[in-house]
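Encoded as structure tokens, the structure appears first; notes follow it.
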Amino acid sequence: MIRKKMISSLIVCAALTTTAFGQGKTLKEAYAGKFLIGCADDLTSNNEAYQASIRAQYDIVTPENCMKPQPMHPTEDTYNFATTDAMVDWCKKNGLQVWGHTLAWHSQTPQWFFQDKDSAAQATAQPATPRPEAATGPNGQRPNRGGGRGRFNEGPQASKEVVLQRLKDHIMTVAGRYKGQVVGWDVFNESIADGGDGTTENLRTYSWYKAVGPEVITLAFKWAHEADPNAQLYYNDYNIEQGAVENKGKHASSMLLLKRLLKEGAPITGVGIQGHWHLDTNLADVEKAIENYASLGLRVAITELDVTATGGNSGAFNVQQGERRIPAENYQKQAEVYKKLFEIFMRHSDVIDRVTFWGLSDTRSWRRGQDALLFDGDLNPKPAYKAVIDVSSL
Ligand code: GLA
-8 MIRKKMISSL
2 IVCAALTTTA
12 FGQGKTLKEA
22 YAGKFLIGCA
32 DDLTSNNEAY
42 QASIRAQYDI
52 VTPENCMKPQ
62 PMHPTEDTYN
72 FATTDAMVDW
82 CKKNGLQVWG
92 HTLAWHSQTP
102 QWFFQDKDSA
112 AQATAQPATP
122 RPEAATGPNG
132 QRPNRGGGRG
142 RFNEGPQASK
152 EVVLQRLKDH
162 IMTVAGRYKG
172 QVVGWDVFNE
182 SIADGGDGTT
192 ENLRTYSWYK
202 AVGPEVITLA
212 FKWAHEADPN
222 AQLYYNDYNI
232 EQGAVENKGK
242 HASSMLLLKR
252 LLKEGAPITG
262 VGIQGHWHLD
272 TNLADVEKAI
282 ENYASLGLRV
292 AITELDVTAT
302 GGNSGAFNVQ
312 QGERRIPAEN
322 YQKQAEVYKK
332 LFEIFMRHSD
342 VIDRVTFWGL
352 SDTRSWRRGQ
362 DALLFDGDLN
372 PKPAYKAVID
382 VSSL
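My numbering applies: residue -8 is where the sequence shown begins, and numbers increase by one.
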């Protein structure tokens, strides 16, 4: 049994490094000189086939979870660096770069950051894995990860000054530790709420935004720059391309936010468009958003790319697992969407620094069950893989 497993891993490894993919080029080879190709993983498993895939296909790795505030800094006096240190070390040894994700977020962030110290001991930290929420329609909002607003700012709250000092300590410690070892950081993640009309920044009304106010984002950028002056610093969010063609909705809010950050002197390098997409994603919005961000003088990265083959934008949850229900033709449609997306990225490769896939395969993905990536659960390339490789030589 073990022998059989070893043999099949060796076959997969061999396939990953030879001509089984496209015309023999891997993803990073196909896009060399255009933009970096990335994946997301904490690299905690020693699975040979996955490690071989990471080495062959990608330039850069984003830790999927271990650098988030909850796992990295669960209590004020505890930092867990071991997983990230090992991940950074593995990447160094294998010639891969690392992207830092994320210094500040409302989700996967422990409540002690916001609580009055006396009550902090009793704080119930948020779970590292967000709880399931209802799915939404194809163009709807994504489920609220990490619970609703009732889960935030619970118990007696610390003063604004105390909360800011804690955030500063967190950023200086974490960004300081990985100084020179990460290319850059998602400094703030997902600040903009869903459902706005685009006439305001529409920041979330809880977590950092309630404890401090809108200036918290600018301050976080300044501290991250102080901790690691050479790091690229990004604002990262989902669905911020939506409404770009008509300059409305979440895209319009993102433009207002970014203009303010620039005006306030935030040392911001670029914008991360997460790219959790689906078969009916509005591609014209994607292209216009890239152009709009570039017009502000900012760089752009696609930071968490996946395209569900189920046709819906249902986030991670409430998907049918087990018996496969996805029609075969959806994989062709998915390949077509990936093709069009990479055509857009190629047209704008002068402003795009990186395209990162969120996961490694359809089973190493937060959207497990929706088959959103380029490789199936056995790391076989799907039609979408060939489509992406082919675009590189058009
Ligand atoms: C967001 C976060 C990621 C990840 C995904 C889902 O997009 O930025 O870190 O949590 O949700 O897993």
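Positions of the beta carbon are idealized from the N, C-alpha and C atoms, including for glycine. Computed from a prediction, not measured in an experiment: that's the story for all the values here.
Item, Value
"Alpha carbon to alpha carbon, how far is residue 104 from residue 142? Give it in angstroms, no decimals.", "14 Å"
"Below 8 Å between beta carbons: does that hold for residue 202 and residue 151?", "yes"
"Can you check DSSP and say which residues form a bridge with residue 180?", "227"
"Is there a Cβ from chain D that is less than 8 Å from the Cβ of residue 189?", "The structure shown has no chain D; it contains just one protein chain."
"Does the beta-carbon of residue 180, which I'm using as the reference point, lie nearer than 7 Å to any heavy atom of the ligand GLA?", "yes"
"What does DSSP give as the partner residues of residue 29 in its beta bridges?", "51, 347"
"Kindly examine the ligand FMN and report whether one of its heavy atoms sits closer than 7 Å to the Cβ of residue 70.", "For the structure depicted, the ligand FMN is absent and the ligand set comprises only the ligand GLA."
"Buried or exposed, going by whether 16 or more other CB atoms sit within 10 Å of the CB of residue 61?", "buried"
"Looking at C-alpha atoms only, which residue of 274, 52, 385 is the closest neighbour of residue 35?", "52"
"From what residue to what residue does the alpha helix (DSSP H) around residue 156 run?", "151 to 168"
"By the three-class DSSP mapping on this structure, what secondary structure does residue 118 have?", "The predicted position of residue 118 is uncertain, since its pLDDT is 43 and thus under 50; a value taken from the coordinates is nonetheless stated next. The answer is coil: DSSP assigns residue 118 none of H, G, I, E or B."
"Give the DSSP-derived three-state secondary structure of residue 81 in the structure shown.", "helix"
"Under 7 Å Cβ to Cβ from residue 12, same chain only, skipping five residues before and after it: list those, please.", "Summary for residue 12: the model assigns pLDDT 47, below 50, so the residue's position carries little reliability; its value from the coordinates is reported in the next sentence. The residues are 372, 376, 380."
"Starting from the Cα of residue 186, find the closest Cα among 153, 179, 231 and give me that residue.", "231"
"How many Å lie between residue 355 and residue 16 at the Cα?", "23 Å"
"Please state the DSSP three-state secondary structure of residue 297.", "strand"
"Is any non-hydrogen atom of the ligand GLA found closer than 7 Å to the C-beta of residue 90, if you look at the structure I gave you?", "no"
"From residue 333 to residue 383, what does the alpha carbon distance come to, in whole angstroms?", "8 Å"
"Measure the CB-CB distance between residue 197 and residue 273 and report whether it falls below 8 Å.", "no"
"Taking contact to mean 3 or more Cβ pairs, one atom from each stretch, closer than 8 Å, check whether the stretch 79 to 91 and the stretch 33 to 48 are in contact.", "yes"
"Under the three-state reduction of DSSP, which class applies to residue 216: helix, strand or coil?", "helix"
"Span of the beta strand (DSSP E) holding residue 264?", "261 to 264"
"Cβ of residue 169 within 8 Å of Cβ of residue 91?", "yes"
"Taking the CB atoms as reference points, tell me whether residue 67 and residue 157 lie closer together than 8 Å.", "yes"
"Looking only at DSSP bridge pairs, what is residue 375 linked to?", "In the DSSP output, where bridge partners are listed per residue, residue 375 has none listed."
"Please state whether DSSP places residue 104 in a helix, a strand or coil.", "helix"
"When you compare each of 318, 189, 77 to residue 37 by their alpha carbons, which one comes out closest?", "77"
"Pick from 40, 63, 212, 245: whose alpha carbon is nearest that of residue 194?", "245"
"Please confirm whether residue 270 and residue 234 have their CB atoms less than 8 Å apart.", "no"
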